[in-house]
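Novice:
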Amino acid sequence: MNVYDGQRIAAMLTARGMTQTDNVADADIIILNTCAVRAKATDKVFSALGRIRNEKKPDALFGIVGCVAREAGSDAFRRIPELNFVLGPQSYHKLPEILENPDTKLLNIDLGGLEKFDELPQMGKSPAVAYIPIQEGCNHCCTYCIVPYTRGRELSRPFNDVLKDTAHAADTGAIEICFLGQNVNGYKYTAPDGKTYRLSDLIREAAKLDQVKRIRFTSSYPTEMTDDLIDMFRTEPKLLPFLNMPIQSGSQNVLTRMNRPYSLNLYIDIVDKLKAARPDIQISSDFIVGFPGETDEDFEQTMEIAKRIRYINSYSFKYSPRPHTAAAIMPDQIPEKVKAERLAKLDAYLNELQRDFNESCIGKKFMCLYEGPDKTGKHLVYRTPYMQQCITDAPSDTSFAPEMAQIEITAANKASLRGKILS
Ligand code: 5AD
Ligand code: SF4
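With the numbering used here applied, the sequence shown has no gaps in its numbers, which climb one by one up to 609 at the end.
#1: Count the other C-beta atoms from every protein chain shown that fall within 10 angstroms of the C-beta of SER449, then say buried if there are 16 or more, exposed otherwise.
#2: Quick check on LYS550: buried or exposed, where buried means 16 or more other Cβ atoms within 10 Å of its Cβ?
#3: Quick one, are the C-beta atoms of ALA598 and GLU545 less than 9 Å apart?
#4: Look at ASP356 and GLN308 and say whether their C-beta atoms are less than 9 Å apart.
#5: Over the uninterrupted beta strand (DSSP E) stretch that includes PRO559, give me the two end residues.
#6: Thinking C-alpha only, which one of ALA601, ILE548 and GLU322 is nearest MET573?
#7: Going along the chain, which unbroken runs of the beta strand (DSSP E) with 3 or more residues stay wholly within the segment 247-319?
#8: Please determine whether the Cβ atom of CYS364 lies at a distance below 8 Å from any heavy atom of the ligand SF4.
#9: If you check the beta carbons only, do GLU257 and ARG239 fall under 9 Å apart?
#10: Based on the DSSP output, what are the partners of LEU366 in its beta bridges?
#11: Give the secondary structure of SER471 by DSSP, where H, G and I count as helix, E and B as strand, and everything else as coil.
#12: Counting only beta-carbon separations shorter than 9 Å, does ASN240 have a partner in chain B?
#13: Using only the heavy atoms of the ligand 5AD, determine whether one of them is closer than 8 Å to the beta carbon of TYR505.
#14: Please determine whether the Cβ atom of VAL223 lies at a distance below 8 Å from any heavy atom of the ligand 5AD.
#15: Quick one: give me the first and last residue of the alpha helix (DSSP H) that PHE477 is part of.
#16: Three-state secondary structure (DSSP) at GLU594?
#17: Counting by C-beta, which residues lie closer than 5 Å to a heavy atom of the ligand SF4, in chain order?
#18: Taking the C-alpha atoms as reference points, what is the distance between GLU322 and GLU486?
#19: Leaving out five residues on either side along the sequence, give the residues of the same chain with a beta carbon under 7 Å from the beta carbon of LEU297.
#20: Return helix, strand or coil for THR562, following the three-state DSSP convention.
#21: What span of residues does the beta strand (DSSP E) with SER502 cover, start to end?
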């Protein structure tokens, strides 16, 4: 989501004749696009702000956009008085106001809904992977999560607007479409004529575009995985056989306290249905360890579910208390040391699963999407349908780097694959 927001901000400034620089000291405007999901992310923003204020040109405009802006609000100006603007994730399209009135302070952390999508210019050229947001905010109120506060209630974008953005991305270079939403599979839009559209409808329409070769979506909430969507994995070959469907914890008690009221059996049933629809499908998850009150036994149940599903690629985090959330004031907060031990144990196991899956790919052939050369320029980097990085030797004719290539996997480690381009 933040990559997308950053691209739209860049497009807005480019349309005003600005160019990008990597050098803070050269910049006329410096924008930090921020994430507030864990305290560490927020802390990093403020330490970066402290550094940048000493490096920037004295008259350069300087500000934050995104979830930390919404979290901190006017307090951000108190902490860093040099800041010129603080704009929340749904009000960054107001940025031109500060360009027009550079001597003021601009604060806007309103939840403006879908307004930004209408007000921002389209990107001139799409990257090969186009992120298309289909919804803002989230109606699930997981007790640990700041997102419902920072991005507001869930709103699905009009079906035709999403299709227009998808077609524009395809016309300007996109090969892969990634539909985005905090609760992406909960997408539901009722048009003025009363017809309701779901994510499965968006996938079906996107797949009709010849330029689009791959489709995926993230992030899914388990119980929103409806049969029409599961069926798309059976019928739509452009939909990648890879799904991020966070479980967060393998303990029923912890899930209840997280306000994620699905049963573990239901989650397992959904995975089984997905496998029946698409036997080669693989699942990834997010995990939180050390949620308030999590016992050793609860944690062992998380290890168990990881073993049961055999996630191929997961993200795991120590629970981080966030403002505006119910869990932050729950009793039985878990000591940092215990959280760290549990995270190390879970991570080691998830890495093992990832390595096993990567090794099981040796000898297989996958249609992969070109990402770019590696740092040395001697290799090409591709993405497999499971989002694994696959490195191939650069052909002697370096202009030959097909955007989609059939690749045979020749070696694997935890982080990446090696492969040979077949065609
Ligand atoms: N502490 C730790 N991890 C969190 N996440 C969300 N909120 C928190 C928190 N307070 C994780 C969840 C989510 C991912 C995007 O971030 O696992 O799926
Ligand atoms: Fe946060 Fe995701 Fe839960 Fe929504 S579903 S509240 S974004 S963790």
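Here a beta-carbon is modelled for each residue, glycine too, at the ideal position from N, C-alpha and C.
Specialist: The relevant details are as follows:
#1: SER449 should be labelled exposed.
#2: By the C-beta density criterion, LYS550 is exposed, having fewer than 16 other C-beta atoms within 10 angstroms.
#3: The criterion of a C-beta distance shorter than 9 Å is satisfied by ALA598 and GLU545.
#4: With the sequence shown as reference, residue 356 is identified as Ala, and Asp is not the correct amino acid for it. Pairing ALA356 with GLN308 gives a Cβ-Cβ distance that is not under 9 Å.
#5: From DSSP, the beta strand (DSSP E) with PRO559 extends over 551-559.
#6: Selected option, being the one with the closest Cα: ALA601.
#7: Correct list: 247-252, 271-273, 292-294 and 315-319.
#8: Not so, every heavy atom of the ligand SF4 lies at least 8 Å from the Cβ.
#9: No, they are not a contact pair.
#10: Per DSSP, PRO319 and THR404.
#11: DSSP places SER471 in the coil class of the three-state scheme, outside both helix and strand.
#12: Among the chains of the structure shown, chain B does not appear; only one protein chain is present.
#13: The answer is yes for TYR505.
#14: At least one heavy atom of the ligand 5AD lies less than 8 Å from the C-beta of VAL223.
#15: Per DSSP, PHE477 lies in no alpha helix (DSSP H) segment and is marked neither H nor E.
#16: Three-state result, GLU594: strand.
#17: Every residue whose beta carbon comes nearer than 5 Å to a heavy atom of the ligand SF4 appears here in chain order: CYS324, HIS326, CYS328, CYS331, VAL333 and GLN368.
#18: Annotation: GLU322 to GLU486 spans about 34 Å, alpha carbon to alpha carbon.
#19: Same-chain partners within the cutoff: GLN276 and GLY338.
#20: In the structure shown, THR562 falls within a coil segment according to DSSP collapsed to helix, strand and coil.
#21: Taken as a continuous stretch (DSSP letters only), the beta strand (DSSP E) holding SER502 covers 501-504.
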